[in-house]
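Worksheet for the structure shown next.
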Amino acid sequence: MNAERTITNDARRAQIVKAAIEVLAEAGYQGATFTRITKHAGLRSPRMISYHFADKADLIQQVAVDVISAGARAILARIEHETDAVQRLRGYLEANLRFLWEHPREIAALRAVGPHLRTPDGTHYTSQSAREFSVLNLEAMLADGQRTGEFRPFDLRALAVMIRGAVDAAADQFHGDPPLDLDAYTRAVLDTFTRAVTLEEST
Numbered sequence: 123m124n125a126e127r128t129i130t131n132d133a134r135r136a137q138i139v140k141a142a143i144e145v146l147a148e149a150g151y152q153g154a155t156f157t158r159i160t161k162h163a164g165l166r167s168p169r170m171i172s173y174h175f176a177d178k179a180d181l182i183q184q185v186a187v188d189v190i191s192a193g194a195r196a197i198l199a200r201i202e203h204e205t206d207a208v209q210r211l212r213g214y215l216e217a218n219l220r221f222l223w224e225h226p227r228e229i230a231a232l233r234a235v236g237p238h239l240r241t242p243d244g245t246h247y248t249s250q251s252a253r254e255f256s257v258l259n260l261e262a263m264l265a266d267g268q269r270t271g272e273f274r275p276f277d278l279r280a281l282a283v284m285i286r287g288a289v290d291a292a293a294d295q296f297h298g299d300p301p302l303d304l305d306a307y308t309r310a311v312l313d314t315f316t317r318a319v320t321l322e323e324s325t
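Basically this note's numbering = 1-based index in the sequence shown + 122.
Below, the structure is given as structure tokens:
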């Protein structure tokens, strides 16, 4: 396959995934048929989707990969130059919350496909297994802060789960009724967890 054809195929796949995200956000998993995605993408036939994706499971897997990867890039861009453990944690929280606030349709699509995604061994993801990668990354970040003496002693997994829970809870609230204020919630989360990692242990 020549380079021009590869670029064209990549662009078409991206077009299909973008349309799938829009349809999933509007119509949910059951409503996201190839026919509806084809129309939304402005394609001639559902066969054009089938050319690039083996089936619906293949397409929704790519939706999940694209949304999660976009979030990871946003977080990395925010924290990659931070050398201070507290600032890395604050940057992680800020970037997570802003991504959720700025990408409601992507998050809605991810929520729609979540129960239908499968692990490499073919089992369905649970809410815990879906969060595990993020929790483990948080544990590693918190452990680095403890090793450098910037963070106080605490149970790494317990705090990582609490932090992830605070982030995930905001996704349901930012565009709810009434909507959660991004700036106010971000300030509260930053203050809460900055204190949690740096205060002396209570006696």
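In this text, a Cβ means the ideal position worked out from N, Cα and C, and glycines have one as well.
| Inter-residue Cα distance where the pair is Ala282 and Ala186 | Looking at the backbone, the Cα of Ala282 and that of Ala186 are separated by about 22 Å.
| task | Tell me whether Tyr173 is buried or exposed, calling it buried when 16 or more other Cβ atoms sit within 10 Å of its Cβ. | result | Exposed: under 16 other Cβ atoms inside 10 Å.
| task | Report the partner residues of Arg240 according to the DSSP bridge assignment. | result | BP columns for Arg240 point to His246.
| From His162, Leu198 and Leu239, residue whose alpha carbon lies closest to that of Leu211 | Leu198 is the residue among His162, Leu198 and Leu239 whose C-alpha sits nearest the C-alpha of Leu211.
| said: Can you find the residues in the same chain that come closer than 6 Å, C-beta to C-beta, to Arg220, ignoring five residues on each side of it along the sequence? | reply: There are no such residues.
| query | What are the start and end residues of the alpha helix (DSSP H) that includes Ser167? | reply | No alpha helix (DSSP H) contains Ser167, which DSSP labels as neither H nor E.
| For Phe255, does the count of other Cβ atoms within 10 angstroms reach 16, so buried, or fall short, so exposed? | Looking at its Cβ environment, which holds fewer than 16 other Cβ atoms inside 10 Å, Phe255 is exposed.
| query | Do Val189 and Ile229 have their C-beta atoms within less than 9 Å of each other? | reply | Taking a C-beta distance under 9 Å as the contact criterion, Val189 and Ile229 qualify as a contact pair.
| For Leu215, which of Arg240, Thr320 and Tyr307 has the nearest alpha-carbon? | Measuring from the Cα of Leu215, the nearest candidate turns out to be Tyr307.
| query | For Phe156, which of helix, strand or coil comes out of DSSP? | reply | Correct three-state label for Phe156: helix.
| Separation of Pro226 from Ala95, as counted between CA atoms | There is simply no residue 95 to check, as the chain begins at 123 and stops at 325 in what is shown.
| From this set, Leu260, Asp294 and Gly271, which residue's C-alpha is nearest Ala332's C-alpha? | In the structure as shown, the chain starts at 123 and stops at 325, and residue 332 therefore has no counterpart that could be examined.
| query | How do the stretch 140-149 and the stretch 159-172 stand: do at least 3 beta-carbon pairs fall below 8 Å, yes or no? | reply | A contact exists between the stretch 140-149 and the stretch 159-172.
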